[in-house]
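Q:
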Amino acid sequence: MMNFRSAAAVLFIFFLSIMAKAQYTMHKMVSVGYTYQNQSFGELGGKLLFLKNDDVIYRLGGSALMGSAGSKFAIMPKLQADVLLNFDKNVDFYHSYYLLIGAEGTNKYVAPKIGVTLFGILDLTGGYAFPIGDARLNGKEMKGLNVNLTLNVPTVFIHDMFK
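Sequential numbering from 0 applies to the sequence shown in the working numbering.
#1: Taking the alpha-carbon positions, what's the F129 to G66 distance?
#2: Compute the Euclidean distance between the alpha carbons of A8 and L78, then round it to the nearest angstrom.
#3: So which of F49, L150, S5, D133 has the shortest CA-CA distance to D81?
#4: My understanding is that N145 touches K112, with C-beta atoms under 8 angstroms, so please give their C-beta distance in whole angstroms.
#5: Which of the three DSSP states is assigned to S70 in this structure?
#6: If we count the other Cβ atoms within 10 Å of its Cβ and call it buried at 16 or more, is D133 buried or exposed?
#7: Between L43, G69, S70, which has its C-alpha nearest N147's C-alpha?
#8: Find the nearest neighbour of H26 within the set G45, Y35, E140, judged by alpha-carbon distance.
#9: Taking D54 as the reference, give the member of Y97, Y33, G104, L47 with the closest Cα.
#10: Take G143 and list the residues in its own chain whose beta-carbon comes closer than 8 angstroms to its own, dropping the five residues that flank it on each side.
#11: Within the same chain, show all residues whose beta-carbon is closer than 7 angstroms to that of F40, passing over the 5 residues directly before and after it, in chain order.
#12: May I ask you to list the residues that DSSP assigns as paired with V155?
#13: Are the CB atoms of G104 and I56 within a distance shorter than 8 angstroms?
Written as structure tokens, this is what we have:
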């Protein structure tokens, strides 16, 4: 448990130091998705998207993974940090695709990941999860292939939809 807290603190300080160097715009997003980590999990949470220009974008997020593990319902908290890269210079924010590099961690595993995202809204990522110590979820080991499919909806869009 201490390794997860230490990793989260280091990640938070790293992104905070990046944000302190330049003026970044922040956008809030609600995320809904699917995660496969030796079990199928539904994901519900939120993300903050930070950008100064549109070729490198940073995202921080927190969510809850919910699913059945060992024939019992389980919920795991998840923190994640992503960098979205698109090296087309001098174009507007609405790029069609970004390369996504990041990491996610729960109280059971840490997983570096790589993938693609369309408009920063629909993410498809894959990686490999490394367990924290010998942590298990209802007797199930959380290591191995990690796949995520996530829909990120900006809160501005949700607000405008209900006007």
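All residues carry an ideal CB built from backbone N, CA and C; glycine is no exception.
A: Working from what's here:
#1: 19 angstroms
#2: Cα to Cα, A8 sits roughly 11 angstroms from L78.
#3: Nearest in C-alpha terms to D81, of all of F49, L150, S5, D133, is F49.
#4: 6 angstroms
#5: S70 carries a coil assignment under DSSP once its states are collapsed to helix, strand and coil.
#6: exposed
#7: L43
#8: Ranking G45, Y35, E140 by Cα distance to H26 puts G45 first.
#9: Y97
#10: Q36, N37, Y127, A128
#11: T34, L64, M65, G66
#12: Paired residue(s): none; V155 is not in a bridge.
#13: no
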